[in-house]
Amino acid sequence: MQLHLIVMMIVVLVLAESTSSTLLCTTNPDPNYYPGKLVDCSGRSLKHLPEGIPSDTTTLKLSRNNLTLLPNDAFSHLHELRELDLSANLISQLLPEAFRDLDKLVKLHLCWNLLPLSPQIYSVDLFKPLVSLEILFLNHNRRHVSTSAKQNTNTGASTQKTKVSSSYAQKHPLSFSSEKKQQRSWIPGGRNHTLRESKVAGDWKSAPKASRNAMQSVGVVQKIPRDVELGYPDEALSHLPTLRYLAMDGLTNKTLGPGFRQLTQLTRLDMSGKTGHCRLVTFDMPTLAAVPHLTHLNLSDCDIKNLTSDAFSSLLNLTSLDLSFNQALGFDQLGEAFRGLSHTKLINLTIDAIVTDRIRTLGLVIKTGQLRFFKNLTHLERLQARFNRIEAFDSGALCSGMPPNLKHVIVDGNLFELAAYVNDLACLESLEVLDMNGLDGYWTPPLRPPGDDDSSDSPQRHNTLRGKAVLRQNAKQVAHSSSATNAPAECEGKQFSVPPKLETFSARDFGLVYKLKKVKVNATNSLKKIDLSENHFPELIGPLCGFQHVEELHLVNSLIGHISRDFFSSFPALRVLNVSANHLREVFWHDKGQILSGLKNLRVLDLSVNDLGHLHNKTLLQLVNLQELYLSVNGFGSFFLDLSHMAKIQHLDLSRNQLRTIPKNTRDHLDHVAKTYNVTINMTFNPISCICQNIDFLEWARESMVNFGSDSYYWCQRRDGSLKAMENIFDTIKELEYTCTNFAGAFVGASACCVVVGTLLLGALAYRFRWKLRYLYYASRLGLKRSRQQQQQRQQQFRYDAFVSFATEDQDFVMGELKSRLEDEQGLQLCIHTRDFMPGQYIASNIVDSVQRSRRTLVVVSRALLDSDWCHYELQMALMESVHTGRDVLLFLLYQHVPAHELPRDMLANLQATSYIEFPEDEDDKHLFWSRLGQALTA
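For the sequence shown, UniProt numbering begins at 1 and goes up steadily by one.
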């Protein structure tokens, strides 16, 4: 009886295990092979193939499990299978009939297993049934998984490798952030053979998490004999006549066998060490002679140390080649290899980081001899050579050694100096895109830009790297100390030559520290997009000549603190302008449209993250064709900018400000535009006012055709000041309507009662004290008459209408235009100390007497006034006269713009507490100004 129960329990457990493994999978329609099914069993910790998989399955995913063996006829019932993913398992054995009847299979993943390249692993007839296979992944397969003792050793080695590799990624975060996720195997400073061998032998640390867990939980059983000889399984692969793409590991000093010649459709071969294991060491012509039909070849991170000149001469159809991260390669060997590449049809060449990084203080100068065969690559259109520490080129090297049809060049992360080779760029007559973005290091800030008398044409880089934080501390001071206001009339600086067909130029974070002025390029150019973001341009002065075709200009995070009025007139065709993340508060605070007046064709303007706080209504007046406006993170507390002239505005970004509402005229204009265009507005992360007075704005947001996006990140500010996420605007409005309706009814009722009670009470009091009220009326009337008579007498006592307090540096203005406009034209009498002070008396006595005998004291505010002690004394005496007599004495005329932080505290307090009048710069506004000033002095 007990034996019977034990047998029954075993049967139940076996059935439960097989049933549960099937239930763990998910089945959905296959989007790639309709009307098939996609069965996903990945990441389920399966030790055996699940049963019950539908026969019409077209895609089967079994990755990230604990499978160790593929038995014969494993998938023979899946006649419709097109894609099979077995990656990231512990598979170490493939029985000869494992793929029987998979004659429709197109894509097969066997990567990240224990299946090293060897004829002993891949039997001759293994792939014979796969007559339709086009894509095969055999990369990143280890020889074996070590025992527990070896795991600890490999863990240490892997940790060491990861630590070494991460050092370069930390120094170059922009370039390797994505590659870091792929467990890149490149080790800066040269190869470490011990680490490389441990990786080929079984780097369990770099495997996917599920696979690592499987290795630990299984107890790590040795499946592959140690005497397995590594070699490319050409006989097994020769049965794949339709194979187009093959990813496999690269073996040291091995060649592809004759079986590869049967793969006449194979055009893409990926042996990259970034996605697998690759250590070729020597690469010569026989290595890939068996695959002459290749068009795309990836040999990146393959530890190539010896590259022969004829290595690629057999690949006549090659169009794309990647040799990146072979640090021992260098430009000398590569230059010789160009001889063999000249026979190919190479279009795309990638050679990132092919030089050693052991010495970080030296840059490379590309010699003319290293490019002597490069010019023979007549089909080459795209070159990528990042992170090679290139500093410059020999004079004439670019003219004599570059391919004639080169269109796109990417040389980011190098150490370029501004030298004579810059003018040789004009020789690249077919070049259309040039990316020279920097990565680290900054130029020494010159006192003047190149071309001035005492500045260098090619500034030198600091011996030690300088961060932008140091430059940012002085950005505003540099801008405020500028004496330049308007651009010079014409270009005078040195002319730079650019390729005639160049359309896009990018030099982000290039370390440039200049005032942008007197820059001239050849007029016969095609520049359309320029990106100079993340450099240091404290002042944009101009003129810039030769940029008449530029449509996009990006100067993001460039520490800009000053822009001349005529700077953007150098870009008449500009359509996109991005000057976000700069210091433009002072630039646009008083601007009335002059700075952007020449940009009639502008479509996109980004002024985000500039701490603007306020924009004058006329600042954007000339931008009649603007379609997108970005003003996020500017500290706007209100938005009264007139957009009525922007008939094509389609996107308005006001996110991350302090806005509570939008005025009705702006809402009406956006509604009008929304009848023609799809208009969107972004007000996320603003404290939207959710009170009764703002319910009209909330209702507009709900009912308008203008798109506000989702309710996510919209915030409501309650009456008590608290913030709450606006999860649903409909619920918010409904709640407000209920609250406001009840509140309005109660308010109306209470107000009516108060009016009635107040009227009765006032009537009773008026009747009770009717005689006393009559007396007070006539007494007040008489007192008012007397006060008017006294005021007239006081008016007759003032000898002057105004005492003018000004600095000696402003005397020409006071004795000239001010005196003429007020005394000669309006008949006012001014007290001017250079003319009206009594000779022989103390200056202090003259000041007090003039303040007392003048109706007002007019203070002409300028930078010179702040440094005058007597002007400060005059201001204090006028303040005392105002306190003593109770009359309005002071009137401020802002003759020059002075930032608030430079004003004395007492003057700043008076300017904030009283009205002042600002001297206009436009001649059309001056007539109204003098009229208002005369009225203010006689009021």
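Yeah, the Cβ is synthetic: ideal placement off N, Cα and C, and Gly gets one too. Computed from a predicted structure; not experimentally measured.
(request) Could you say which of S300, W589 and K305 lies nearest to T282 if we only look at CA atoms? (result) K305
(request) Would you check if the distance between the CB atom of L105 and the CB atom of L84 is smaller than 8 angstroms? (result) yes
(request) Report the option in Y33, N32 and E51 whose CA atom is closest to the CA atom of C41. (result) E51
(request) To the nearest angstrom, report how far apart S931 and D824 are at their CA atoms. (result) 13 angstroms
(request) Give the single residue among R372, L78 and F571 whose Cα lies nearest to the Cα of G335. (result) R372
(message) Here's a check: name, in chain order, each residue in its chain whose Cβ is nearer than 8 angstroms to the Cβ of L736, leaving out the five neighbours to either side.
(response) C690, I691, C692, I695 and L698
(message) Between D671, V673, E727 and H672, which has its C-alpha nearest I688's C-alpha?
(response) E727
(request) Report buried or exposed for P233, applying the criterion of at least 16 other Cβ atoms within 10 angstroms of its Cβ. (result) Buried, since its Cβ has 16 or more Cβ neighbours within 10 Å.
(request) Check whether the Cβ atoms of residue 948 and F803 sit closer than 8 angstroms, and answer yes or no. (result) Given that the chain is displayed from residue 1 to residue 939, the structure contains no residue 948 and the question cannot be resolved.
(request) Take every Cβ of the segment 525-533, pair it with every Cβ of the segment 499-508, and state whether three or more of those distances are shorter than 8 angstroms. (result) yes
(request) Name the residue from L46, L346 and L527 whose alpha carbon lies nearest to the alpha carbon of N376. (result) L346
(request) Answer yes if the segment 290-310 comes into contact with the segment 260-275, meaning at least three C-beta pairs across the two stretches below 8 angstroms, and no otherwise. (result) yes
(message) Residues in the same chain with beta-carbon distance under 6 angstroms from C111, minus the five sequence neighbours each way, listed in chain order, please.
(response) S87, F137, N139 and H140
(request) Below 8 angstroms on the Cβ atoms is my guess for E429 versus K407; work out the distance and round it to an integer in Å. (result) Incorrect: roughly 11 angstroms between the Cβ atoms, too far for contact.
(message) Using only the alpha-carbon positions, how far apart do Y800 and Q896 sit?
(response) 25 angstroms
(message) Nearest by alpha-carbon distance to L893: which of S780, T267 and L933 is it?
(response) Residue L933 is the option with its Cα nearest to L893.
(request) May I have the straight-line CA-CA distance separating S854 from Q876, to the nearest angstrom? (result) 15 angstroms
(message) For F919 and L818, what's the separation of their Cα atoms in angstroms?
(response) 11 angstroms
(message) Measuring only the C-alpha atoms, how far is Q658 from Q717?
(response) 11 angstroms
(request) Have a look at I843, S92, L126 and S132 and flag the residue whose alpha-carbon is nearest the alpha-carbon of R142. (result) Among I843, S92, L126 and S132, the Cα nearest to that of R142 is on S92.
(request) Please state if the CB of Q627 and the CB of K600 are separated by a distance shorter than 8 angstroms. (result) no
(message) Taking the straight line between their C-alpha atoms, what separation do you get for G396 and L439?
(response) 26 angstroms
(message) Assuming Y421 is part of the alpha helix (DSSP H), what are its boundary residues?
(response) Y421 to D424
(message) Going by C-alpha to C-alpha distance, which of L341, G273, T295 and A247 sits closest to D284?
(response) L341
(request) Grab the span of the alpha helix (DSSP H) containing N846 for me, first residue to last. (result) I843 to Q852
(request) Measure the alpha-carbon distance for residue 991 versus A385 and round it to whole angstroms. (result) Nothing about residue 991 can be read from this structure; the chain reaches only from 1 to 939.
(message) Starting from I390, trace the alpha helix (DSSP H) in both directions and tell me its first and last residue.
(response) Counting along the chain, I390 falls outside any alpha helix (DSSP H), though it belongs to the beta strand (DSSP E) covering I390 to F393.
(request) With DSSP as the reference, label G598 as helix, strand or coil. (result) coil
(message) Once DSSP output is grouped into helix, strand and coil, what is the label at G340?
(response) helix
(request) Verify whether the separation of the beta carbon atoms of residue 981 and A337 is less than 8 angstroms. (result) The structure shown does not extend to residue 981, since the chain is modelled only from 1 through 939, so no value can be given for it.
(message) So, for T159: in the same chain, excluding its five sequence neighbours on each side, which residues have a beta-carbon less than 6 angstroms away from its beta-carbon?
(response) Residue confidence for T159 is low, a pLDDT of 36 falling below 50, so the modelled location carries little weight and cannot support an answer.
(message) Counting C-beta neighbours from all protein chains within 10 Å, is the total for L240 16 or more, i.e. buried, or is it exposed?
(response) Answer is buried; the Cβ neighbour count reaches 16.
(request) Classify I410 as helix, strand or coil using the three-state DSSP reduction. (result) strand
(message) If I measure Cβ to Cβ from D103 and keep anything under 7 angstroms in the same chain, skipping five residues before and after, which residues do I get?
(response) Around D103, the same chain offers P129, V131 and S132 as residues with beta carbons nearer than 7 angstroms, after the five sequence neighbours per side are excluded.
(message) Quick check on the burial criterion: 16 or more other C-beta atoms within 10 angstroms. Buried or exposed for I541?
(response) I541 should be labelled buried.
(request) Quick one: grab the DSSP three-state call for S158. (result) Only weak support exists for where S158 lies, its pLDDT of 37 falling under 50; the coordinates are left without a value.
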